[in-house]
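Chains as they are written, first to last, in this note's numbering: chain G, 498 to 872; chain V, 14 to 265. Virtual Cβ for every residue (Gly too), placed ideally from N, Cα, C.
Okay, structure coming up:
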């Protein structure tokens with residue numbers, strides 16, 4: 498390649514009634530970056546004539562063009578006449594392709610909506626969201642009932658795959674969290690109870706709180722983080738790739754095809770996960786009691802005395818209901834995704850947040866119901 | 014004579030040890046439009062991905078303006094990567110950024126242009142591809158053709174000497190497609206940009222290509238090379254004539 502003049506320079510001089518800018522060298526991004534501020538200043542008060550002499554410009558790319566066009570725009574803005582001389586033909590052709598309107602910034606970039614409009618829009622979005630959830634519940638119930646009525650049409654292979662990823666693969670984290678929670682709760686409650694010589698009641702506390710409350714709740718929260726988000730991301734990406742549309746046009750209901758298998762499988766495995774969580778929690782508690790000098794038999798006996806089958810069954814029922822909520826909302830968020838990568842991200846976030854909120858609300862409802870039923 | 018912009022020499026490429034392309038060699042001359050073409054599954058996109066350094070070849074070399082992208086590491090590799098622009102089949106615009114921000118992103122990262130200048134450059138690029146006035150739109154608000162053109166504008170942001178386009182015409186209507194052809198020709202003739210384009214749109218190939226490189230799935234390599242009109246009329250290989258004349262494979 499021939500050695501080129503690498504530096505871009507500019508001189509400006511006053512001429513009768515205006516300014517003359519003399520550009521030279523290589524007008525590329527590097528050169529223009531150096532000249533831009535100076536040129537903008539020189540062009541700010543041009544008078545009635547602006548002349549640009551570009552006869553010594555030996556290269557001009559997009560950045561150079563942007564500079565020349567900006568100078569022209571400035572001149573026209575200030576009502577000055579603009580002449581460009583000496584620009585090489587091949588660059589001149591490019592320059593002439595643009596009209597000033599092409600490079601003018603749009604008058605108002607992205608109007609900010611007013612408060613009323615914003616509130617209105619957000620409300621509309623909220624109502625639309627609620628309507629779509631109602632519609633989804635309907636579709637899901639219909640599809641779920643159809644699946645129960647006709648189990649042979651369920652895609653069992655998909656369901657088993659989901660049961661493995663959402664259930665079996667979650668076992669290590671469930672057991673770990675359960676064990677640690679049992680350990681920590683037993684230890685924390687043993688300290689104050691010891692003052693009253695009531696350490697053995699740690700077993701009662703742990704057994705009841707794990708089986709009735711914490712087991713289902715924590716399992717559901719872990720499920721929301723692990724599987725609700727995964728469902729939202731997976732279905733969201735399928736939506737972005739038009740795979741959902743493909744299913745629809747094939748006459749396959751995405752809710753029956755994708756959602757029922759996922760939710761059904763998760764509902765089947767979550768009570769099992771809860772069982773393991775409870776067991777791990779009790780083992781953690783037993784370990785603390787052993788370290789405090791109580792024999793294992795005493796701990797087991799105490800648990801057996803304080804916890805009864807309805808406590809366990811109530812907890813497992815709750816965990817089944819939680820898994821339905823968490824996974825259904827995950828799928829719903831995924832199916833409602835529109836747009837690109839960022840909307841998949843927000844669908845995932847919203848799936849986890851909505852899942853946890855639903856679980857908390859449902860837990861409250863269950864607490865009141867169980868209480869009034871006398872369980 | 015100047016060195017060719019892109020040189021592919023004895024390139025073997027494949028996945029998992031199995032070669033998809035064998036012994037591919039060709040050159041893309043400076044300032045010319047080179048089209049890589051061939052039937053589906055012949056390895057066009059694979060070749061492109063090796064040329065732009067996304068994949069490492071099994072053996073062989075790719076020289077971009079005389080520098081070997083297959084062996085370059087660190088700063089050298091970054092320098093090579095900055096010397097060309099690429100557009101992908103689906104546009105690959107960043108969905109969370111407006112068009113203006115998409116085009117400004119490389120300018121912001123790699124140049125010292127002040128904000129006003131970056132925006133002016135971005136506006137020039139968008140005007141060049143016929144997208145003035147759409148600066149503040151998000152990619153999801155654009156049609157497929159507009160997204161393609163916006164992707165070209167982004168690829169040109171740093172004024173690279175070489176542009177690689179992966180199926181720029183795919184999914185465009187004939188009018189938009191012809192507009193894109195004109196844009197490519199004008200950029201090539203006026204700015205001297207070298208184009209390497211993967212395409213199988215015949216009309217556009219005849220309109221813009223100075224040179225065509227034809228790949229074939231069975232041969233796993235280049236089966237013809239030359240100006241497209243010449244290949245159509247005079248090639249000795251029936252497959253090549255068939256491709257350029259759009260005739261179906263005869264029944265056995």
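With 16 other Cβ atoms within 10 Å as the buried cut-off, status of residue i
| i | result |
| --- | --- |
| residue 175/V | buried |
| residue 501/G | Model confidence at residue 501/G stands at a pLDDT of 46, short of 50, so the residue's coordinates are unreliable and nothing is read from them. |
| residue 132/V | buried |
| residue 858/G | exposed |
| residue 745/G | exposed |
| residue 173/V | buried |
| residue 818/G | buried |
| residue 557/G | buried |
| residue 846/G | exposed |
| residue 525/G | buried |
| residue 586/G | exposed |
| residue 854/G | exposed |
| residue 208/V | buried |
Contact with chain G by residue i, beta-carbon distance below 8 Å
| i | result |
| --- | --- |
| residue 169/V | yes |
| residue 20/V | no |
| residue 130/V | yes |
| residue 137/V | yes |
| residue 79/V | no |
| residue 142/V | no |
| residue 153/V | yes |
| residue 125/V | yes |
| residue 183/V | no |
| residue 267/V | A query on residue 267/V cannot be resolved here, the shown segment of chain V reaching from 14 to 265 and no further. |
| residue 134/V | yes |
| residue 145/V | yes |
| residue 201/V | no |
| residue 36/V | no |
| residue 17/V | no |
N-terminal and C-terminal residue of the beta strand (DSSP E) that residue i is part of
| i | result |
| --- | --- |
| residue 177/V | 175 to 179 |
| residue 77/V | 72 to 77 |
| residue 556/G | 546 to 557 |
| residue 511/G | 506 to 512 |
is_contact[residue i, chain V] using C-beta, thresh 8 Å
| i | result |
| --- | --- |
| residue 554/G | no |
| residue 837/G | yes |
| residue 461/G | No statement about residue 461/G is possible, as the shown extent of chain G runs from 498 to 872 and does not include it. |
| residue 587/G | yes |
| residue 844/G | no |
| residue 558/G | yes |
| residue 501/G | Its pLDDT being 46, under 50, residue 501/G is placed unreliably in this model, and the coordinates cannot settle the point. |
| residue 872/G | no |
| residue 534/G | yes |
| residue 595/G | yes |
| residue 622/G | no |
| residue 549/G | no |
Contacts around residue i, its chain only, beta-carbon distance under 8 Å, and the 5 residues preceding and following it disregarded
| i | result |
| --- | --- |
| residue 262/V | 255 |
| residue 228/V | 34, 37, 49, 50, 51, 55, 56, 57, 60, 234, 235, 236 |
| residue 545/G | 514, 515, 576, 577, 578 |
Boundaries of the alpha helix (DSSP H) in which residue i is found, first to last residue
| i | result |
| --- | --- |
| residue 868/G | 838 to 870 |
| residue 799/G | 793 to 803 |
| residue 627/G | 612 to 646 |
| residue 698/G | Counting along the chain, residue 698/G falls outside any alpha helix (DSSP H), and DSSP gives it neither H nor E. |
| residue 589/G | 586 to 593 |
| residue 99/V | Note, residue 99/V: premise wrong, no alpha helix (DSSP H); beta strand (DSSP E) at 97 to 100. |
Neighbourhood of residue i by C-beta, 6 Å cutoff - its chain only, sequence neighbours within 5 removed
| i | result |
| --- | --- |
| residue 816/G | 713, 716, 767, 768, 771 |
| residue 550/G | 519, 582, 583 |
| residue 678/G | 778 |
| residue 571/G | 540 |
| residue 115/V | 106, 107, 167 |
Contact set for residue i: own chain, Cβ-Cβ below 7 Å, skip 5 residues either direction
| i | result |
| --- | --- |
| residue 499/G | The pLDDT assigned to residue 499/G is 40, lower than 50, so where the model puts this residue is not dependable; a value taken from the coordinates is nonetheless given after this. Excluding residues within five positions, none has a Cβ falling inside 7 Å. |
| residue 83/V | 69, 70, 74, 75 |
| residue 102/V | 179, 180, 183 |
| residue 875/G | No answer is possible for residue 875/G: it lies beyond the span of chain G, which begins at 498 and ends at 872. |
| residue 126/V | 120, 134 |
| residue 765/G | 660 |
| residue 793/G | 783, 787 |
Legend entry - alpha helix (DSSP H) runs wholly inside the region 706 to 753 of chain G, at least 4 long, in chain order: Here the runs fully enclosed are 712 to 720, 726 to 737, 740 to 746.
Inset, instruction - Scan the region 170 to 235 of chain V and note each continuous alpha helix (DSSP H) run of 4 residues or more that stays entirely inside, going in chain order. - result: Within the region 170 to 235 of chain V, the complete alpha helix (DSSP H) runs of at least 4 residues are 187 to 204, 215 to 221.
Inset, instruction - Report the residue ranges of all alpha helix (DSSP H) runs contained in full by the region 19 to 66 of chain V; include only those spanning at least 4 residues, in chain order. - result: Complete alpha helix (DSSP H) runs here, min 4: 57 to 64.
Inset, instruction - Just list the alpha helix (DSSP H) runs in the region 749 to 792 of chain G, keeping only unbroken ones of 4 residues or longer that don't cross its boundaries, in chain order. - result: Listed in chain order, the complete alpha helix (DSSP H) runs (minimum 4 residues) inside the region 749 to 792 of chain G are 757 to 788.
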